[in-house]
Amino acid sequence: MLLAAVLASSIFPLYWTFVVASSDNSAIGEATPPLVPGGNLMENISRVFESSEFSLALMNSAIVATTVAVGNVFFSALAGFAFARLRFRGRNALLVTVVATMMVPTQLGIIPLYLLTTELGWTGHLQALIVPALVSAFGVFWMRQAVDETVPNELVEAAMMDGCSLVRIFWHVALPAIRPAAAVLGLFTFMGAWNDFFWPLVVLNPENPTVQVALSVLASGYYTDYALMLTGALLGVLPVLGVFLLLARQIVGGIMAGAVKG
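Each residue of the sequence shown is one higher than the one before, counting from 369 in this note's numbering.
Put into structure tokens, the structure is as follows:
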């Protein structure tokens, strides 16, 4: 019963967004708000795409979030494998330095990063969002822990004795073992890049927005059209749900494997 109540309370905001997105503002302003979907969903969706650069924003966010998620998983897995299974001078000190950068607020790096992107001529272009986010300290630490728990030293040593190179060991031994952890990292990274608002607002032009910037445009003005705004929010959350459903099997498989191992 408690789990059902938690599930209902978690789903209700998304359901309410769908109800408002399928209604008009007159229904929303009634004394008793509607609890069932209306018939204006397609009209509101058409209004969203007509009133802003929403189609371009969806495409930009999809490119940025997908590229950042794939790059973060790949580079973080490479670094995590090196920190967990390779022996080199200064390994522990370098790992501590990487983890310590997680304690630095992101806002402190906005001005230097903006100056750098301006110097490189990236201002107003998507590479200003993609390149700085291709690897993260959290991703490196996360994948290092995953490699340390799922890829035994003996397995790596056996592969090296059989003549495997480090690249083949990473690709054929380590990467399949850490696939559930990589799926979780990919989901979190995709969500973070998709929902990012401040940095795209700073570095991109209003004519070339991402989803969150386009949603802020829908919410601006003297008159707030809640149906229009929440229709945009509904369209903006659907790709995240799609990515979650795509990776859900890997995530649940990793949880079950951890439970069996425990």
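We treat Cβ as the ideally placed atom computed from N, Cα and C, and that holds for glycine.
query	result
Beta-carbon gap between Gly600 and Leu586 smaller than 8 Å	yes
Continuous alpha helix (DSSP H) stretch holding Trp562: start and end	Arg547 to Asn563
Between the CA atoms of Arg457 and Trp510 - distance to the nearest angstrom	22 Å
Inter-residue spacing [alpha-carbon to alpha-carbon] between Pro520 and His493	43 Å
Sequence-distant residues of its chain with Cβ nearer than 7 Å to Leu502 (five each side left out)	Val436, Gly439, Asn440 and Phe443
Any 3 or more C-beta pairs closer than 8 Å across the region 561-579 and the region 479-495	yes
N- and C-terminal bounds of the alpha helix (DSSP H) containing Ser429	Phe422 to Arg453
Length of the line joining the Cα atoms of Glu525 and Ser423	51 Å
Contact between the region 374-389 and the region 402-416 (3+ Cβ pairs under 8 Å)	yes
Own chain, CB closer than 7 Å to Thr485, minus 5 neighbours either side, in chain order	Thr491, Ala496 and Val571
Nearest neighbour of Trp567, chosen from Pro480, Leu613, Thr469 and Leu543 [CA to CA]	Pro480
Distance cut-off 7 Å: Gly439 Cβ against heavy atoms of the ligand ADP	The ligand ADP is not part of this structure, which contains no ligands at all.
Element boundaries [alpha helix (DSSP H), containing Arg459]	Arg459 to Ala468
Leu446 to Thr474 span [Cα, whole Å]	24 Å
Own chain partners of Val466 with C-beta closer than 6 Å, once the 5 adjacent residues on each side are dropped	Ala505 and Val508
Counted within 10 angstroms of its Cβ, other Cβ atoms place Phe538 as buried (16 or more) or exposed	buried
Environment of Pro544 [buried if 16+ CB atoms lie within 10 Å]	exposed
Rounded separation between Met427 and Gly610 - CA only	15 Å
Option in Leu602, Leu462, Asp593 and Leu483 with minimal Cα separation from Val579	Leu602
Same chain only: Cβ atoms within 7 Å of Asn393, ignoring 5 sequence neighbours per side	Asp593, Tyr594 and Ala595
Proximity to Ser420 [Cα-Cα], best of Val608, Ala461, Ser584 and Gly448	Ser584
Presumed contact (8 Å Cβ cut-off) between Val515 and Phe449, rounded CB distance	5 Å
Cβ-Cβ distance between Val608 and Met559 below 8 Å	yes
Span of the alpha helix (DSSP H), counted from its first residue to its last, around Gly407	Here Gly407 belongs to no alpha helix (DSSP H), and DSSP marks it neither H nor E.
Cβ-based neighbour list, Ala433, same chain, cut-off 7 Å, excluding 5 preceding and 5 following	Phe558, Ala561 and Trp562
Chain-order list of residues whose beta-carbon lies under 7 Å from that of Ile396 (same chain, five-residue window excluded)	Val388, Tyr594 and Ala595
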